[in-house]
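Positions 25 to 213 (my numbering) are the ones given, in order, by the sequence shown. Idealized CB from N, CA, C, for every residue including glycine. Since we're looking at a predicted model, the values are computed, not measured. Just below is one structure, and these are the notes that go with it.
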Amino acid sequence: MKKLLFVFLILLLSTNDVPAQGGKIAVYADPAGAECDMIAPGLGLIIFYVVYTGTPEVQTIAFSAPMPACMSTAVWLEDYYDATYILPPGNSQDGIVLSHFSCEPAPTTVMSITYFASFPLPSCCYYTVLAHPEFPSGLIEASDCDGNTFFPTGLMSTINGNASCPRPILITVPTRETTWGKVKALFSE
């Protein structure tokens, strides 16, 4: 009974401290966000699309999508974002904050990223959208139409995937920082 009470107490106390989850953001092969397994040609331009899906609708989003190490034979050329965005500082490689003039329903193409590959990219190359490196939360941050902050999950996409590529499972659980003293204080009576 004591254990059950402890679990209930932890759940009750933690509900207000856990940041709200909402939506997903990933790199896709198409602007609609339908194909996350991407085939990259051996030589030439490669265009990937960063797409936000899920709820709530998004007005501002801060993230980075740096070129993965497995794309060592490619060079980043440019980012392209729609004219409906306020001109942002930064870029996909170092971190960018994109803000719409209006609220955008999901799915929405956030931007495209163009690379030039001089040699074929390897199989099973994983591309993940990450947090903006200058944001202290360490999470991808976004805001909805009412200005509420939420934390979309950055998903992993596969470039040149095949049957031998393992499918990693990524689970992001935001937590509140605490100390062991505070945790031990819960058990003292």
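Measure the alpha-carbon distance for V99 versus F72 and round it to whole angstroms. Locating residue 99 in the sequence shown gives position 75, counting from the first residue. Locating residue 72 in the sequence shown gives position 48, counting from the first residue. A straight-line Cα-Cα distance of about 13 Å links V99 and F72.
Could you give the distance in angstroms between the alpha-carbon of I137 and the alpha-carbon of V74? Position 113 of the sequence shown, counted from the first residue, corresponds to residue 137. Position 50 of the sequence shown, counted from the first residue, corresponds to residue 74. If you take the alpha carbons of I137 and V74, they lie about 8 Å apart.
Spatial neighbours of F143 within its chain, please: C-beta separation below 8 Å, excluding the five flanking residues on both sides. Indexing the sequence shown from 1 puts residue 143 at position 119. The answer, listed in chain order, is G66, L67 and T97.
Beta-bridge partners of Y105, as assigned by DSSP: Position 81 of the sequence shown, counted from the first residue, corresponds to residue 105. In the DSSP assignment, Y105 forms no beta bridge with any residue.
Residues in its own chain within less than 7 Å of G114 by CB, not counting five upstream and five downstream? Residue numbering aside, residue 114 sits at position 90 when the sequence shown is read from its first letter. Result list for G114: I120 and V121, in chain order.
For S116, report the span of its beta strand (DSSP E) as first-last. Taking the first residue of the sequence shown as position 1, residue 116 is located at position 92. That residue, S116, is in no beta strand (DSSP E); it is neither H nor E in DSSP.
Sequence-distant residues of the same chain with beta carbon closer than 6 Å to T133, five excluded per side: Translated into positions along the sequence shown, residue 133 becomes position 109. Taken in chain order, the residues that qualify are P55, Y73 and V75.
Just to confirm before moving on: does the CB-CB distance between G46 and F174 stay below 7 Å? By 1-based counting over the sequence shown, the position of residue 46 is 22. By 1-based counting over the sequence shown, the position of residue 174 is 150. In this structure, G46 places its C-beta atom within 7 Å of the C-beta atom of F174.
Restricting to Cα atoms, I'd like to know which of D61, A50, A86 and Y52 is closest to S278. Because the chain spans 25 through 213 in this model, residue 278 falls outside it and cannot be assessed.
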